[in-house]
Each structure stands twice: as C-alpha cells, then as structure tokens.
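Chains as they are written, first to last, in our numbering: chain R, 151 to 946; chain C, -5 to 332.
Here's what the structure looks like:
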C-alpha cells in the first residue's frame, strides 16, 4: 500500500525525517519496500490566466489562446472544448517535461505558432479527464509553479502490510503506529457536519436480511450535488498514493478510504426504484453486472445490496453498473458498511475480483467506527460538490460489537521474550496502540480490544505487540548453549555426504535437478512405475514427481553435450517418489545415480585415453562399495530394464534383493533423450543398501609373508571369467587368500576361439611361512578340480 | 742445446697454443693426428732420437714422452670440456602442465546444506526429516493457517489430490517431530519445498529450505536472536550483522523476518541489497501457542522458537549467483567453476 509522507504530516505534526520514519516503520513490522520522491516532475509548469480565445483559422476544433503567467503572454493552441476567457489554468511552458515524457517545444500547429500547452489532469498523469483542461479557482494567483497547488514535494512509501493488520491500510492507521513509536498523537476525528436536508428516515430505510454476513450498514444521503473534476489538492493526494482521479464524489470516497481505511460506496440514488436499501444473500446462480460492465455469476449467499427490488452493488467488492455515479448524478446515497471477511473472500475469489474494497473487508474492517468515515465523506461532498446532507444516518446495526478482553502477565511476557519488562512498560506500550488496559493485579492486566484490531485474540498476540513496539533490537541476544542433548544425523544424510565425497574425487560433478518431472519421456521408454501425479501442474512437462534419477541425469547429459561439454561425469543423490495409492502419502526414498559419457580418462598431453566402457563403471561401483565399507553384494545378470541395454548391464543384489543397477543406456533410451554417444549409467537404492550394510570390523594385519603364484589358463572364449574365479573361490582351498585377474588375452598366441586368463593366486598361512611343496600341492589341487570342471590348458 | 730438445720445446708451445684455439670435434681429431698420431709430430721426434747422442737420448726421450703425456692429458681435458658444452640442452621441461584427472565438485546447494547442518550440529541440533508430499493438516492446519488463507489456493500450492499437497515449506517437519517426541526438541530440517511459481531469476517451483525448531522450558526470543547471530557469523564470517524485523506468520508469535548485512557490499548498499545494506534471509519467531495445541505441548510450561532459511538464497549470496536458474540448469561450464 502507498502512503504519502505529506498526508501523514497533515494528520500529525511529524518531526521525523523520511529516513527515520522509514526505519521506524520497517523495524516495527510495517516494512517500507520503496520510497519514491514525488512532485519533482512539474518543472516549468505554472498557473496562468487565459486572456483571450479565438478560433483557429485552419481548424474547427482548435482555438488560439492568449495566455499570461503574469510576466509574459503566450500564444497557445488548445483543443479543449471548455477553454474560455479569464479562466485560471495550468500552463506547461516551452521546456517543460510532462510526467509521461512529453517535452513541450515551440511548435506550429496547422500554421499557427504555439508556445506551450494548457493541461488536463490526464496530461499531468493525475486523472482520467483527457478532453477537458483543468480549471482552477478564480482566486488562484498566476505565475506560481503548480507544485504549490499540489502541495510541496512529497515522498511516497510503498508499504508491505501483513495480512493480520487491516488497521494499517490507511494514513490514520499508520499514524497510530507512529503514535505507538513515539512520533506524536493520533487526533480524534472531529467532523463538523451541516445537515440541512430532510430527516434521513423520511428518505431511505435500511434493512439487513443476512446480519451474519452484513452485521452493520450505515448510509447518508446528499441531494443536489454537481459531479465535476476534483480540485488539484485532492487529485494530487490521490495521485500520490496511486489512485487516478475520476470525479469529485468518487474521488472523495477513495480519499476517505485512504485516510480512514474504510471503503465507502456512492450510489446514484435516483436510479433506485425504491427509497430503501435491502441487504440480502445472493440466490443460487444469481447474476449481477458490476461497474466494470461484466456480468458475474455469484456464489450463493454473496452479499447483495438491493433497492428492495433489483441489486445495485456486490457488497464489499464492487458497485453495480445500474447505479453508477455519472455526470448526470444529482443525489448521492453514501454507504459505509461492514461485511463478514470470510464471505467477502469467498465471493471475491469466486468472481475473480480483488478490489481495494474487497481487500480491506477480507482482512477485517473497523466495525465500531463505520460512521466516522461516512461523516467525513459527506462533509467533503458538500464542500466540493455542493448539495444538502439529509439529517441523520440510516444506521442498521442489528448486533452490537462486543469487545473482548485479553489478560496478560508480566511473567509470561518476559518468559517468551527473554526481557525484563515491567507492568508499566507493558501497559504503556499497549495503550500507545489505543488498547484500553486495566491493571488486574501486581503483575497483570487486561487489555480491551477495539474492532480495528481483529488480529488480537490471545495473550501471545499482545506479547507480539509489546515486542515489536519495544523493538526487536532492544531484546537481548542470549548465548547459545549446545547443552547435553543427544544429537543425531540420519543415516541417509550421512550416506549422501559420503557418496558426494567419493564421486567428486572420482571426477563426477554433482547435479541437483528439479523433482517436478516430465512423464512423457518415461512413457516412451515404457518405464513401469506408479506416478505421483500433480493435479494442478505448472505445465505438462512438470506434472509428476520423478520416480527415478536416470531421467534427470540423461536430460543433463543431453543439455551439456549440446553445449560442447564432451566428457560428462555426473551424479545425483536425491529423493524419488512413487504413488502408494489414493489417499496415502507417496513412497519416497533416496537414490544415488550417475551417468558417464565420453572419455575414460581426461584428455591431455601424455594421458592416453579411450572411451569409457562397462568395466570403468563396474570398477567405479566396486570402489565405491570399498569406500563405504560394504561388501555384502554381488553382480548378477540383468533381466530387462527400461533404461539399460541388458547385454551390457548388471544388477547389483544383496541377499537376492535388488539394490541397484549399472550398465549401458539402451539405444532406445539414447534416442528418447537425444543423446548420440554411448552413455553409462548406475543407480543405487540407498535405503535398501543401508538396510544390508554391515559394520566394518578390525582385522589384525598378517604376520607371515604371502606366496603368490601366477596361472595362465587357456579356456574357451565363451567361458565367463567371473564364473571361473567364483568356482576357484568356492573350492575353499586352504590358505588361498586371494585370487586376482591380471591379464586376459586372445589372439595369435592362443588357438582360435580360445582365450588366456592370467590369474594371480595368493596363499598365506596364518602362523608360519608356507613351503613350496605346500603351495605346489594347492595349485595342483586347484588345477585338477578346474580341469575336471572346464576344458582348459595351462599356458606355458 | 740439443736441437731435438729445442724442437720439442717449440712443439710444446705451438701445440698448446693451437689446442686453446680449437673448438669442434673434427679439430680435436685433426690435432690428435697432427701431434699424437702414429705419424704425428711427437712420434716423428721420437724417431729422430737416433740422431741424438746416445748419452743424451734418455733425457730427450723422456722429454718427448713427457710432452706426449701432457698433450694427451690436455687434449683429453679440452675434449671433456667441449663435450659438456656440446651436450644437447636438457630435455626436462618443468613448465609443462601437470597431468590432471577428472575432478568433480559438489553442487553448491549441497555444499550450503552440508555447511548449515555442520553449523547447527555443532550447536546441538539434530537433523530431522519429513515427507515432501504432505497432508493439508501438516502443511497448513497444524501450523495454524486459516482455511481461507491464500497459500492454500491451487494457484499457489501444488496438490496431488484433495487434502494432499506438495509441502510449501519445511515447517510440517516441526509438527511431525513434536508429535513424536516430548520436549526438549532441538532440530533442523533441511529439505525441498514446492510453490506454484513460474520460474524466473528469483523463483523456482521447487527449492530448498532449512527449518529450525527448539522447544524447551524457558526458550525465549533472545535465544532465537542468539542462535541466528551465531549461524550468520559462522556461515558468512564474523563481520556479518543480523537484524530482526517484526512480521506475520500464522505459526509463530511474535513473528520476525531476519536480514543479514549485505555480504556483497558490506552493508554500504548495492544492487543485491537494493541499496538497503540488508539482505532478507527468511522468517522466524516464537512457536504460536495454537501450534503447541496441535501437538499436545502445554504452552504454559514450554516455549520455543522456530526459524526458516532459504538455501537457494544463501547459496546465491555465497557464490554471487544472480539467477536461481543457474542452480538447476546444471550447466557443467558453470558448476565446475563454482
């Protein structure tokens, strides 16, 4: 909301500078988001008098005027129909720059020289009257900069008013804050009103049929007004707070709203068919045409203001087109009412209409004081538009507002804040906010809550008021004591950190992707999952929560390949989701996954490299398991996968349960993600892995040296090395400690369809050094059993 | 003097002189042939010994041999000298760049979250977690958010189905933690949040927060100020200042927003802090008694503070990133330099 510094100063004699006020407001909860200097844009624009008006020789609609600013006379061509001799007007002289950026220069208009421009409010960006010039009062002195008309230079504060503080949505509301902060006293409004018309109850009767939604409706009647442009002071005040001038009556309702915070509405009373106001709830499917000309279908029970027959306003939100104040309006019915915040919010949301009025009623208006702004507006209408005010107010107020009283103790205040405030300090803060306090005991009080503070209901609400006015800066800062509470970090978070450390050192960059994901790619891959579908997604591309990290990783591979990054090694450790059925929260778990494409080693001088292959990715995972101290797993054949090429992929299992996969992205996968080079992938299901994890135990280092023997076996090409090594391991040969593959060869040196496998076998006895005979025996035993199982030869 | 002896003397002078002037390998070889070769000068001198009187021969012979030895040594030494000079320049080139291997980096968001966890772990906070997909109860109701609150709107919050939404903040973890544990409770809860914001330079529809909560007897607003101040200094260095401004949240009272002095300009005013010298970090406050009501804590016995912090925002401030989209594009040209 916008607040004018000068406007505030017209309510109290404020001595604070703009900066000090901004700081005080911000630090007490009314955040100043911006301060705009206002009024400086009127250089070279002055008051002037029209001395003569003649017809333009070459244009019917134009006039040539002689205009004087007291010092000089100027020839000015003017197109406004209302320009006339002797008028006091606003002249933009040559050299002036108008708010919309237009520069006034010497010009020739249809052959006549023009040295300036007579201005309308629209040209000054002050209002909507485009075709008529501003006519100033006769007593205006000519030659004065128009800043003097519009008041001195102003500062406009853009304030963020939190939703709990409807009372701050006006200048008087902000002045009450200033009062609490010690900047002055909010004056009680004293509005002298001249009621010269007939008694109001002879003119109009107000009736409320839905008092829950409209607990109070007050109206005044002003007859015989003249609708015309507002005077400059009013136009400029509204302009400062961002409201465009419409006409005097409408401007007054807006002005009073900005001053008091209460929305008013003015009806053309002659458009009422009955001399009454009946407030009722809308019927089911009822429709209504609002001021903006749109027909709106109303939710049932929306508040309608009617004339006893037709509806004339959508209560609290917007008036009706059928009772709008126009140039021809003579009699004004002025409304000041209170509407139920929840009802207004529902209607406003349903009809998608948020107005200055609805925003205030939604948050809660000041029920007790609705006649104050009503009087202020009636008085101003009489002053600026003439007419006679009917005597009295038609005030229908079925159930009087009951103030609540909140008890507060010194102890609970200090217990929450960590302060040492006394009762008198607390009381004076609350009273500075116009809350009536009664001391109830040595250290306690009761605060009575007026209707302008609907946010205050429990003691904590009062403590908040005390704290913000006392100042958060004045509350001490305690020493942080970590104490002796147990502190724990969940295993998955520790795991993720450990994984990040390993994979980054192994050359993988970590990525963090959106969880909101595109289901289409997964569909194309026929990936089988139970989607967590968002019912109101931003777009179809972000309609699910991702069930797997592979999709995001492949997206990132494609993204980076397209940006000429050639070697891509990325990993991610994050949450994945699958639906657990309707009405249930989805299953979510942590997944670790990575992608690798390009070179196996970083290219550079003296670094021989090659493309990454299966054994790189397998070795990576084997090393990762060593890093985290995990050995309870094995690799097994992969039985089909939506992302992976089964021929080049393996499953990682633990006790026959799948805990991950690794291998090559299938050609279909690469097609779907538009990746044109082999890409290797892996993932690990973290909760499953953590469930299988065993503790690492200390092992004594061996005391005796090992004996290593190498074996080169020539076997059939088709024999899987892992199977052969597994077989050797399964023999349980005593003292065989380790078996390691150190070479594999096929080519000229071995027969066709054969390959040579070079194994290194390590033997060790725990208590002594093994003899050569023992080792020879062991080797022979192994070889014999191997030969009885496989067709193989020893390679010399 | 014996003519041969004299000749040897002259030979010595010219030979040594000549040797000094030589440089190339071929010259040295020619020199060797000329003086020391089988048909060389010294050899021919020795051959002439027969012309010397017999009793003088040993003396002359010795002189010739002496000269031969000296010249041989001198030639050797010159050859060595020349050898060193002629040796090709060293091939060792220490200016070559080192052999490097692929090196990855943690994502800046992870680094921030890990650092936040480390700081609060050191202050005695455990880490708690909760589901990303939440019921309205945990995300709104139990946090004292009114039924009509705009945050519940389908334009602001993603829904999976009626009553089940993507959490809009990490605050539901407060409720889940308090439901399962009696005070004292001291936790932080890092995690993702979701809001229906169209992506731009400062908004992403999914982003990260860390929630903090401490409930015990006698926890005060002063304690909240203390912990946020310590966090600010450990995260951004000891020059950083903190300010608390009153604000409004349904689930805390008093509520505050807290700002850090701008670490980009040191508080002098710049574009990042919109010339205010302060950057907004997040919200905080004392747990609202209505929230305690939902978890069965007695507000007359217990009090507590809660705070949030935007991980993305803190990360952007740490690395001077001006557009949140860089965090989620995962452009390796950007990430590898951060």
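Every residue gets a Cβ at the ideal spot worked out from N, C-alpha and C, and that includes glycine. None of the values given here were measured: they were computed from a predicted structure.
As assigned by DSSP and simplified to three states, the class of residue i
i             : result
residue 777/R : helix
residue 321/R : helix
residue 296/C : coil
residue 267/C : coil
residue 275/R : coil
residue 561/R : helix
residue 8/C   : helix
residue 412/R : coil
residue 297/R : helix
residue 256/C : coil
residue 229/C : helix
residue 683/R : strand
residue 819/R : helix
residue 673/R : helix
residue 310/C : helix
residue 892/R : strand
residue 180/C : strand
Opposing strand residues paired with residue i [DSSP bridges]
i             : result
residue 267/R : 242/R
residue 833/R : 743/R and 811/R
residue 545/R : 368/R
residue 223/R : 218/R
residue 241/C : 249/C
residue 454/R : 430/R and 464/R
residue 136/C : Paired residues: none, contrary to the question.
residue 660/R : 721/R
residue 737/R : 728/R
residue 199/R : 218/R and 238/R
residue 784/R : 803/R
residue 667/R : 694/R
residue 915/R : Residue 915/R pairs with nothing; no bridge assigned.
residue 595/R : 558/R and 589/R
Among the options, nearest to residue i - alpha-carbon criterion
i             : options                       : result
residue 223/R : 404/R, 214/R, 559/R and 441/R : 214/R
residue 660/R : 717/R, 425/R and 722/R        : 722/R
residue 442/R : 797/R, 475/R, 884/R and 616/R : 475/R
residue 305/R : 340/R, 240/R and 169/R        : 169/R
residue 778/R : 198/R, 653/R and 933/R        : 653/R
residue 351/R : 195/R, 541/R, 713/R and 627/R : 541/R
residue 159/C : 180/C, 140/C, 129/C and 168/C : 129/C
C-alpha gap between residue i and residue j, whole angstroms
i             : j             : result
residue 573/R : residue 213/C : 21 Å
residue 528/R : residue 464/R : 22 Å
residue 236/C : residue 585/R : 31 Å
residue 635/R : residue 313/R : 38 Å
residue 245/C : residue 148/C : 21 Å
residue 86/C  : residue 92/C  : 13 Å
residue 907/R : residue 785/R : 20 Å
residue 133/C : residue 893/R : 59 Å
residue 206/R : residue 229/R : 10 Å
residue 576/R : residue 548/R : 36 Å
residue 273/R : residue 248/R : 7 Å
residue 400/R : residue 502/R : 23 Å
C-beta neighbour in chain A for residue i, strict 9 Å
i             : result
residue 128/C : Protein chains R and C are contained in the structure displayed, whereas chain A is not.
Worksheet item: the stretch 266 to 299 of chain R: which residues have C-beta closer than 8 Å to a C-beta of chain C, in chain order?
Response: Result list empty, no residue passes.
Practice prompt. Check each residue of the stretch 620 to 635 of chain R: if its Cβ is closer than 8 Å to any Cβ of chain C, include it; give the result in chain order.
Written response: Cβ contacts with chain C: 622, 623, 625, 626, 627, 628, 629, 630, 631, 632, 633 and 635.
Item to complete: Name, going along the chain, the residues of the stretch 182 to 204 of chain C whose beta-carbon falls closer than 9 Å to a beta-carbon of chain R.
Response: Cβ contacts with chain R: 184, 185, 186, 188, 190, 191, 192, 193, 198, 199, 200 and 202.
Discussion item. If the cut-off is 9 Å on Cβ atoms, which residues from the stretch 561 to 587 of chain R count as contacting chain C, listed in chain order?
Written reply: Considering only beta carbons, the part of the stretch 561 to 587 of chain R lying closer than 9 Å to chain C consists of 562, 564, 565, 566, 567, 568 and 569, in chain order.
Item to complete: Could you run through the stretch 208 to 228 of chain C and flag, in chain order, every residue whose CB is less than 8 Å away from some CB of chain R?
Response: Residues 212, 214, 215, 216, 217, 219, 220, 221, 223 and 224.
Discussion item. Please list, in chain order, the residues of the stretch 93 to 118 of chain C that have any C-beta partner in chain R closer than 8 Å.
Written reply: Within the stretch 93 to 118 of chain C, the qualifying residues are 93, 94, 95, 96, 97, 98, 99, 100, 101, 103, 104, 108, 111, 115, 116, 117 and 118.
Worksheet entry | Short-range partners of chain R found in the stretch 263 to 274 of chain C, where Cβ spacing is below 7 Å | Look at the stretch 263 to 274 of chain C: it has no residue with a C-beta under 7 Å from a C-beta of chain R.
Worksheet entry | Residues of the stretch 733 to 759 of chain R whose Cβ lies closer than 8 Å to any Cβ of chain C, in chain order | Against chain C - using a Cβ distance shorter than 8 Å - the residues of the stretch 733 to 759 of chain R are 733, 735, 736, 738, 751, 752, 754, 755, 756 and 757.
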